[in-house]
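>
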Amino acid sequence: AQSVTQPDIHITVSEGASLELRCNYSYGATPYLFWYVQSPGQGLQLLLKYFSGDTLVQGIKGFEAEFKRSQSSFNLRKPSVHWSDAAEYFCAVGAGGGNKLTFGTGTQLKVEL
Amino acid sequence: NAGVTQTPKFQVLKTGQSMTLQCAQDMNHEYMSWYRQDPGMGLRLIHYSVGAGITDQGEVPNGYNVSRSTTEDFPLRLLSAAPSQTSVYFCASSWAGGRNNEQFFGPGTRLTVL
Numbered sequence: 016a017q018s019v020t021q022p023d024i025h026i027t028v029s030e031g032a033s034l035e036l037r038c039n040y041s042y043g044a045t046p047y048l049f050w051y052v053q054s055p056g057q058g059l060q061l062l063l064k065y066f067s068g069d070t071l072v073q074g075i076k077g078f079e080a081e082f083k084r085s086q087s088s089f090n091l092r093k094p095s096v097h098w099s100d101a102a103e104y105f106c107a108v109g110a111g112g113g114n115k116l117t118f119g120t121g122t123q124l125k126v127e128l
Numbered sequence: 449n450a451g452v453t454q455t456p457k458f459q460v461l462k463t464g465q466s467m468t469l470q471c472a473q474d475m476n477h478e479y480m481s482w483y484r485q486d487p488g489m490g491l492r493l494i495h496y497s498v499g500a501g502i503t504d505q506g507e508v509p510n511g512y513n514v515s516r517s518t519t520e521d522f523p524l525r526l527l528s529a530a531p532s533q534t535s536v537y538f539c540a541s542s543w544a545g546g547r548n549n550e551q552f553f554g555p556g557t558r559l560t561v562l
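Line by line, the protein sequences give chains H and F. Under the numbering used here, the residue at position 79 of the first sequence is numbered 94, and the numbers go up by one with no gaps. Under the numbering used here, the residue at position 35 of the second sequence is numbered 483, and the numbers go up by one with no gaps.
Shown next as structure tokens:
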């Protein structure tokens with residue numbers, strides 16, 4: 016069975032600083048990987064996804080993620096964080112053609128002005 | 449397009465009551481699913497459907513029933529509510545498999561069972 020680990024429960028960064036959120040996965044085959052963002056009281060919005068090909072994936076809102084098979088990681092990065100990026104971020108791995116998602120426990124991002 | 453809609457937004461039940469959470473999508477997606485979100489646990493898959501008339505269990509199916517009579521609708525039924533079912537429930541839909549299987553999530557239903 017697949018699993019996802021997000022080791023950081025809370026992260027605080029200053030506005031304008033760079034950001035990296037960690038994600039490690041366990042999956043027997045080539046993974047479908049996703050990053051979602053959830054603002055308070057809202058649903059989930061897809062930031063980016065990886066299926067195959069280029070291991071550096073660009074997403075919305077200036078986010079990118081890099082797939083590293085050797086490390087079973089799919090870390091999310093942003094070079095300069097904005098106050099509006101404060102939210103909870105979820106990494107997920109998809110089985111069944113990518114539809115059946117297993118989520119990590121999330122990382123809560125706080126941005127200090 | 450309304451996307452994925454869920455009703456109600458909030459609900460309070462007493463232990464033992466039953467209810468149905470509604471989910472509808474207007475994107476003609478084959479795949480629909482229900483997740484529950486609990487603090488510190490992320491989202492966990494309850495049930496899913498790959499098309500009308502086809503449903504299957506996810507990670508945490510106990511205490512929930514689903515059916516899929518149309519492509520658009522995928523209701524989640526709580527047969528006899530328990531406090532452990534207090535959670536936020538999200539419905540999602542997507543194309544079935546392949547590169548276009550981005551899951552679109554509804555706004556959620558916050559359920560409290562007393």
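Think of the CB as a built atom: it goes at the ideal place given N, C-alpha and C, for glycine as much as any other residue. The structure presented is a predicted model; accordingly, all values stated were derived computationally and were not measured.
Give me whichever residues DSSP pairs with Glu-478(F) in a beta bridge.
Looking at the DSSP assignment, Glu-478(F) forms no beta bridge with any residue, so it has no partner.
> Specify, as a first and last residue, the run of the beta strand (DSSP E) that Ser-515(F) falls within.
Taken as a continuous stretch (DSSP letters only), Ser-515(F) belongs to no beta strand (DSSP E), as it is neither H nor E.
> Based on the DSSP secondary-structure assignment, which residues constitute the bridge partners of Val-126(H)?
DSSP lists Val-28(H) as partners of Val-126(H).
> Might you give, ordered along the chain, the residues of its own chain that have their beta carbon closer than 7 Å to the beta carbon of Leu-527(F), omitting 5 neighbours on each side?
Here the set comprises Ser-466, Gly-511, Asn-513.
> Distance check for Ala-44(H) and Lys-93(H), CA to CA, integer angstroms please.
For Lys-93(H) and Ala-44(H), the distance between alpha carbons rounds to 28 Å.
> What residue does the beta strand (DSSP E) around Met-467(F) start on, and which one ends it?
Looking at the DSSP string, the run of the beta strand (DSSP E) that includes Met-467(F) is 467-473.
> Quick check on DSSP: helix, strand or coil for Trp-543(F)?
Three-state result, Trp-543(F): coil.
> How about Gly-499(F) and Tyr-483(F): are their beta carbons less than 9 Å apart?
Against a cut-off of 9 Å, the Cβ pair of Tyr-483(F) and Gly-499(F) comes out as no contact.
> Any chance the stretch 554-562 of chain F sits against the stretch 531-538 of chain F, with 3 or more Cβ pairs inside 8 Å?
With the cut-off at 8 Å, the stretch 554-562 of chain F and the stretch 531-538 of chain F touch.
> Between which two residues does the beta strand (DSSP E) holding Gln-60(H) run?
Run containing Gln-60(H): 59-65, per the beta strand (DSSP E) assignment.
> Using beta-carbon positions only, say whether Leu-469(F) and Pro-487(F) come within less than 9 Å of one another.
No, Cβ-Cβ distance for Leu-469(F) and Pro-487(F) is not below 9 Å.
> Output yes or no for whether 9 Å exceeds the beta carbon distance between Ser-481(F) and Ile-494(F).
Against a cut-off of 9 Å, the Cβ pair of Ile-494(F) and Ser-481(F) comes out as a contact.
> Is there at least one Cβ from chain F nearer than 9 Å to Gly-74(H)'s Cβ?
Output row for Gly-74(H): interface = no.
> For Tyr-42(H), collect the residues of the same chain with a Cβ closer than 7 Å to its Cβ; drop the 5 residues on either side in sequence, then sort them by chain order.
Cβ within range, chain order: Gln-17, Val-108.
> Should Ala-450(F) be labelled buried (16 or more other beta-carbon atoms within 10 Å of its own) or exposed?
Classification for Ala-450(F): exposed.
> Looking at the structure shown, is Asp-69(H) part of a helix, part of a strand, or coil, going by DSSP?
Asp-69(H): coil per DSSP, three-state reduction.
> Measure from the C-beta of Asn-476(F) to each C-beta in chain H and report whether the shortest distance is under 9 Å.
So, not an interface residue.
> For the beta strand (DSSP E) containing Lys-116(H), name the first residue and the last one.
With the sequence shown as reference, residue 116(H) is identified as Leu, and Lys is not the correct amino acid for it. Where Leu-116(H) is concerned, the enclosing beta strand (DSSP E) stretches over 115-118.
> Does the distance from the C-beta atom of Glu-35(H) to that of Leu-91(H) stay below 9 Å?
For Glu-35(H) and Leu-91(H), yes; Cβs fall inside 9 Å.
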